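Trainee:
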Amino acid sequence: MIGDRLEEARDRIEQVRAEALHAINEAQTTHQVETLRVEYTGKRSALNQVMQEVMPALELEGRKRLGADVNAAKQDIEHALMSRRDELGALELEQRLEAERIDVTLPGTDYPRGYSHPLLQSVREILTILEQMGFAVYEGYEVEWETYNFDMLNVPKYHPARDAQDTFYITNEMLLRTQTSPAQIRLMQSHDPPVRFAVPGWCYRNEAEDATHGDRFFQIEGLVVESDITMADLKGTLTEVAHRYFGADRRVRFRASYFPFTEPSAELDIECIICRGAGCRSCGGEGWLELGGSGMVHPKVLRAGGYDPDRYSGFAFGIGPDRYAMQKYGINDLRLFREDDLRFLRQFN
Amino acid sequence: MRAPTQWLADYVDIEMTTDDLAHRLTMAGLKVESIERPGADWQDVYIGEVVEIEPHPGSRKPLWVAKVSLGESTITVVTGAQNVRRGNRVPVVLVGGRLPHGPDGSPMIIERKPMAGITSDGMLASERELGLSEEHSGIYILPPDAPVGRRLREVMAGDVLDIETNPNRPDTLSMIGIAREIAALTEQQLSLPDLDVVGDTVTWLDEESLPVRVDAPDLCPRYSALRVEGVSPGMSPLWLSNRLQAAGMRPINLLVDLTNYIMLEYGQPMHAFDATLLAGGQIVVRRARPNERIRTLDGVEKALEPETLVIADAERAVAIAGVMGGENSEIKDDTSTIVLESATFDPVSVRRTAQALTLRTESSARFEKNLPPEQTVLGLKRYVQLLQQITGLPLRVARITDVAASPPPERTVTMPMRDLHRLTGLPISPEQAAEVLSLLGFEVEYDTAEVRARVPYWRRADIELSADLVEEVIRVVGYDAIPSTLPRRTVAPAAPLDDLRLEDTVRSRLLGYGVSESVTHSLTSPEAMARLAAARSNGHSPEATVWADLVPNPAGVYAREAEILPVEIANPATRDRRVMRLTLLPSLLDVVSRNLRHTDERVAFFEIARTIFRRPNDLPYERRTLGLVLSGSRLPRTWQDDSPGPYTFFDMKGMLAGVLEPLRIAGWYVEPGSHAALHPGRSARLRAGGHDIAYFGTLHPTVAERFDIEGWPVQVAEVDLDTVLALSSPQRVFQPLPRHPAAYRDIAIVVADAVPAGDVVRVVREAGGDLLESYRIFDVYRGSPLQEGMKSIAIGLTFRAPGATLTQDEVNEVVTAILGALQERLGATLRE
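Chains A and B, in that order, are what the protein sequence lines are. Numbering-wise (the working numbering), the first sequence opens with residue 1 and increments by one. Numbering-wise (the working numbering), the second sequence opens with residue 1001 and increments by one.
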């Protein structure tokens, strides 16, 4: 009697197991698998019912056997559930990924970006180079006293450079600086040697605008004064700046020139980016283009700054970042720098 | 300065190519800007003589048929030029020959072709066709001594160097000066004409040339004059006219050409008067009389200003000193006695006169650079020598009349060898330095310690100090010889300039926000700036513009708004650029307007530059200023968003907050503003530390229209960066990260529409106390079901206590307090 019940129970267990395994095998989604899991392994599963119904009527041995059978069936079912779930899970993931496929050739999101101005880029690049070489950056005034702009820089009264033709005057004594050099005087007056300064800023000259001139230009002044500075230091410093800015394969040359505030004076030329020194239309056949003036600080200028020219020597230079940028990128018309056309600016970022 | 190489070769041996010569001169400070090679592109161009010339029989056009002798042969040439006469010597291009400038500007090859029935064996050429000048009014008539049958190129003056001379070197405005440089560079002695050797057809008269009175000795340090009788004008010989032409001057007649030739040779301008046309037979150097006028050699009558120095005879001005001669005393075809002037004039006076008359001549260009008085007599002597050589005429020459102040003292400059070494860094010996200086014309003594150099008169204005001699030595030795080194000593590294670091911070933020950097002009006009004032009608005068309405009192530096004025240029080049700008916005708006013509996308620009404010009796205030203008579509139209909106007021406000964030400005806030350029309902100012830091808002539509900006709203801002920098506290102190969780609550309140959101959040902040960590408005709503005139504001609140996890009750208590305060102070109710 008891044995019959046990046998009957074992049949039911086997039946449930077979039914479950079949159902699991038939399941098509992980969701269905999950439903089957609840049905066959939850508290109210058929196997648990068998246990609850039959167990109380069995003696110890029977209970043990029934328990073992139920557990075996449960394990089979759980194993089947797990493997079916993994199987379907992998399939579903694959389907999902396939469904999520996109056209990666569509354009990316357009993040806003501004374009920096090539002239000021070149200013910043050159200032960075100078700072790396130990120059301290200062600023001067755009509106200056005539005496700082001319007299103290050894440009005496009645010098042609002072002429109203070339200089914008505010009053008889006040003007728009024609160069950043007044800062030389101001900095020497306020600092003891040795000094190494760079001064960026706008300068003004009364010149007609064309492809290479304007009535306003940017200049970076450099001043180095120590007890034993030579022209070799000037040459080495400006060559280093040019090589770091243009690359070491662009040749530069120093040639004699004239500026009232330096003696000896030198002009720095760079070989034309187009013809590399051979002469072409772009450089007017000369092969070389001027980058800016320089020289050993004139003794009178040192004295105006309060330095003793017998104890100290130094060099000064004026860098035209617009010319540097033009020669770096092959820009042939200065006017492009003044138009702020986005189509132009975009090219340098 | 144009220098023909064959002319230079009179004084110095040139044993190198023209290119090498140009390079040497350039490196030594005489920059050769270009090299011309006249005749290099000619083929079969000969000198011919016109032996016969007849009108073309079969042509209705005015053609001529000429028989032209080439020495051994005679050819027939048809020409349309009207200036050819029998006996003229002319350039002939044979058939098959080549010229650089045909009628269309490109090279031409001469072909044999009949002209109205007569076959031409060649072509007569103009100066332009030969590439010698722009002259094209007729055939180039050569001087009568041009050798018939020779190739024209063989008698030209050689390659021509165009040299940019330095302003301190008037001596290099002469062939001899340039030759002296070449001599020094190539270590050879200069060979100069011996002026004491004069041909024996000259009779020296024992009488003064003429009375000369210098009434203005301050403007005329020396006036030397010479009377020469028995002269005869006529064409200059070929060599002379070729040299003048190559140097850029037009041959006129021998008597005038010689003055120009000597000016080019020695750098001493000269002038020749017809002696019989000088009233009273005398010269007076004086300032112009009131209302005095003169017709100069260019045929233009000029009114003379009172300070103008003139050369006069007994009655009237006969020349403008140092600039140009007058027609009333010019050399004529029958001139037989001349008075030569060779003088020195004050450089400033000549420059002012030349400028005032806009008459810059070869002569004035030299006087402007301060010529030495020593060379006046050289010019006179050279004139007689050359005139005799060329004409062989029996000349009668009077004694030179010479009115001179005492000559400037001679100067000896000492150059310690130490200066040479420490400035150049090169171990140049005293011998070497002395050799260079001596070749340049200095009289030199030296020992191991120093070189003493007596300065030649032609370098007096230029050489004053030891450093000047150093330059002379090193530029001849060559800058290439100097090694490249870096300063050895280290200088204490300086801190980067705060102002520039601030600029960089602002710039990089804005570039990241999609705003581009612009560089606009700092000179402008009051009219251009006044365009910003919305209320201004177009006829309104800019003088009536109250600048304070457009540029808020910068950092309160002005006591009264009426003192805010732009700095004016006394001598502007154009009216458009006659003041320095007070605001960056007008030029930025122009940039935006221009760019909107070719794109709609993100036309956003900023500029960091100085605005300049007048200050009485002192240098003006230069304020570091940021201008910002946003227009066009804030994003491009893309497949993700095909209608992105324009920039809004709040884009601008957010950008400003983003820009200020790294600068750590304490307690800044925004309140409604009233700026003349802005939409009155969308105008704000940003304040901190008791100052206006910025104003910003939406551009007034009237103003936008004035800048031709249509279709897009424009957001603008101007920020006083100097004040921002002063308020910036870049010091950062680490705050420990919170260890306890935050509690979040959203509230939505209903409040009258007129209550600004700023008031709401201020009440929230104050009522929230220490536990309120942050808040954020996430919704603003008007409309149904809210009553008219009401709005709802939803705020997300974050609470946190420093040392503990907040309980629900604690949070509820604060929220209740906030709602209570909103109710009490703003009449706000919780939205149901």
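C-beta: ideal position from N, C-alpha, C; glycine also. These numbers were taken from a predicted model, which means no experiment stands behind them.
Any C-beta of chain B within less than 9 Å: which residues of the region 93-120 of chain A qualify?
Mentor: Answer in chain order: LEU106, PRO107, THR109, ASP110, TYR111, PRO112, ARG113, GLY114, TYR115, SER116, HIS117, LEU119, LEU120.
Trainee: Any C-beta of chain E sitting closer than 8 Å to the C-beta of PHE168 (chain A)?
Mentor: You won't find chain E in this structure, because its protein chains are A and B.
Trainee: Quick one: is GLN1640 (chain B) near chain A, going by C-beta distance under 8 Å?
Mentor: True, the Cβ-Cβ gap to chain A drops below 8 Å.
Trainee: Using a Cβ-Cβ cutoff of less than 6 Å, which residues in the same chain neighbour LEU1226 (chain B) once the five nearest sequence positions on both sides are dropped?
Mentor: For LEU1226 (chain B), where only same-chain residues beyond five positions count, the Cβ hits under 6 Å are SER1209, LEU1340, LEU1380, ILE1400.
Trainee: For a test of the three-state rule: what should DSSP assign to VAL1148 (chain B), helix, strand or coil?
Mentor: Here VAL1148 (chain B) sits in coil by DSSP.
Trainee: In chain A, which residues lie less than 7 Å from PRO1620 (chain B) when you measure between Cβ atoms?
Mentor: VAL143, listed in chain order.
Trainee: In three-state terms, what does DSSP make of PRO1730 (chain B)?
Mentor: Residue state, collapsed to three classes: coil.
Trainee: Looking at the structure shown, is MET1324 (chain B) part of a helix, part of a strand, or coil, going by DSSP?
Mentor: Strand.
Trainee: Only counting the same chain, and skipping five residues up and downstream in sequence, which positions put a Cβ closer than 7 Å to that of ARG1128 (chain B)?
Mentor: Taken in chain order, the residues that qualify are HIS1101, GLU1134, GLU1135, HIS1136.
Trainee: Three or more C-beta pairs under 8 Å: does that hold for the region 1365-1381 of chain B against the region 1420-1429 of chain B?
Mentor: Cβ pair count under 8 Å is below three, so no.
Trainee: Under 8 Å between the Cβ atoms of TRP1712 (chain B) and ALA1688 (chain B)?
Mentor: In this structure, ALA1688 (chain B) does not lie closer than 8 Å to TRP1712 (chain B) by Cβ.
Trainee: What span of residues does the alpha helix (DSSP H) with GLU1563 (chain B) cover, start to end?
Mentor: GLU1563 (chain B) -> no alpha helix (DSSP H), and no H or E assigned at all.
Trainee: Could you tell me which whole beta strand (DSSP E) segments of length 3 or greater appear in the region 153-198 of chain A?
Mentor: With a minimum length of 3 residues, the continuous beta strand (DSSP E) runs that stay inside the region 153-198 of chain A are 174-176.
Trainee: I'd like to know if GLU263 (chain A) contacts chain B, where contact means its C-beta is closer than 8 Å to some C-beta of that chain.
Mentor: Judged by the 8 Å Cβ criterion, GLU263 (chain A) is in contact with chain B.
Trainee: For the region 1011-1043 of chain B, list every residue whose C-beta sits within 9 Å of some C-beta in chain A, in sequence order.
Mentor: Listed by position, the residues of the region 1011-1043 of chain B near chain A (Cβ gap below 9 Å) are THR1026, MET1027, ALA1028, GLY1029, LEU1030, LYS1031, VAL1032, GLU1033, SER1034, ILE1035.
Trainee: Counting only C-beta atoms, is GLY1514 (chain B) closer than 8 Å to chain A at any point?
Mentor: It does: the Cβ of GLY1514 (chain B) has a partner Cβ on chain A nearer than 8 Å.
Trainee: Using a Cβ cut-off of 8 Å (strictly closer), state whether MET188 (chain A) contacts chain B.
Mentor: No - not a single Cβ of chain B is within 8 Å of the one on MET188 (chain A).
Trainee: Drop a sphere of 10 angstroms on the beta-carbon of HIS1679 (chain B), count the other beta-carbons inside from all chains shown, and report buried for 16 or more, exposed for fewer.
Mentor: So HIS1679 (chain B) counts as buried.
Trainee: Tell me the DSSP secondary structure of GLU19 (chain A) in three-state form.
Mentor: Helix, per DSSP.
Trainee: Give the single residue among B:LEU1486, B:PRO1408, B:LEU1630 whose Cα lies nearest to the Cα of ALA1461 (chain B).
Mentor: When each option's Cα is compared against that of ALA1461 (chain B), the closest is B:PRO1408.
Trainee: Using only CA atoms, which one of B:GLN1731, B:ASP1499, B:ILE1252, B:ARG1634 lies nearest to PRO1646 (chain B)?
Mentor: When each option's Cα is compared against that of PRO1646 (chain B), the closest is B:ARG1634.
Trainee: In three-state terms, what does DSSP make of GLY222 (chain A)?
Mentor: Three-state result, GLY222 (chain A): strand.
Trainee: Unbroken alpha helix (DSSP H) runs of length 4 or more, entirely within the region 1662-1720 of chain B: which are they?
Mentor: The region 1662-1720 of chain B contains these whole alpha helix (DSSP H) runs: 1701-1706.
Trainee: Closer than 6 Å by C-beta to GLU207 (chain A): which residues in its own chain qualify, once you throw out the five before and the five after it? Chain order, please.
Mentor: HIS213, ASP215.
Trainee: Does the distance from the CB of ALA316 (chain A) to the CB of SER294 (chain A) come in under 8 Å?
Mentor: Cβ distance < 8 Å, so ALA316 (chain A) and SER294 (chain A) count as in contact.
Trainee: Does ASP333 (chain A) get closer than 8 Å to chain B when you measure Cβ to Cβ?
Mentor: ASP333 (chain A) does not count as touching chain B.
Trainee: Got a sec: is the Cβ-Cβ distance from HIS1740 (chain B) to anything in chain A below 8 Å?
Mentor: Closer than 8 Å: no.
Trainee: State the Cα-Cα distance for the pair ARG1776 (chain B) and VAL1815 (chain B), rounded to the nearest angstrom.
Mentor: Distance between the alpha carbons of ARG1776 (chain B) and VAL1815 (chain B) is about 15 Å.
Trainee: Compare the C-beta of GLU350 (chain A) against all C-beta atoms of chain B and say whether one is closer than 8 Å.
Mentor: Nothing about residue 350 (chain A) can be read from this structure; chain A reaches only from 1 to 349.
Trainee: If we define contact as Cβ-Cβ less than 8 Å, is GLY1425 (chain B) a contact residue for chain A?
Mentor: So, interface residue.
Trainee: Please report the Cβ distance between ALA1321 (chain B) and VAL1377 (chain B), rounded to the nearest whole angstrom; I am assuming they are in contact, meaning their Cβ atoms lie under 8 Å.
Mentor: Rounded, the Cβ-Cβ distance is 18 Å, inconsistent with contact.
Trainee: Which residues mark the beginning and the end of the alpha helix (DSSP H) in which TRP1239 (chain B) is found?
Mentor: Segment 1238-1246, the alpha helix (DSSP H) holding TRP1239 (chain B).
Trainee: Please report how far the alpha carbon of ASP1746 (chain B) lies from the alpha carbon of ARG1509 (chain B), in whole angstroms.
Mentor: Whole-angstrom Cα-Cα distance: 32 Å.
Trainee: Keeping to the same chain, check which residues put their C-beta closer than 6 Å to that of SER1364 (chain B); ignore five residues upstream and five downstream.
Mentor: Excluding sequence neighbours, SER1364 (chain B) sits near GLY1322, VAL1323, VAL1350, ALA1354.
Trainee: For LEU1099 (chain B), I'd like the list of residues in its chain whose CB is within less than 7 Å of its CB, leaving aside the five on either flank, ordered along the chain.
Mentor: Excluding positions up to five away in sequence, the list reads TRP1042, VAL1093, PRO1107, MET1108, ALA1125, GLU1129, LEU1130.
Trainee: Distance, Cα to Cα, LYS1653 (chain B) vs ALA1677 (chain B)?
Mentor: Going by the C-alpha atoms only, they are around 17 Å apart.
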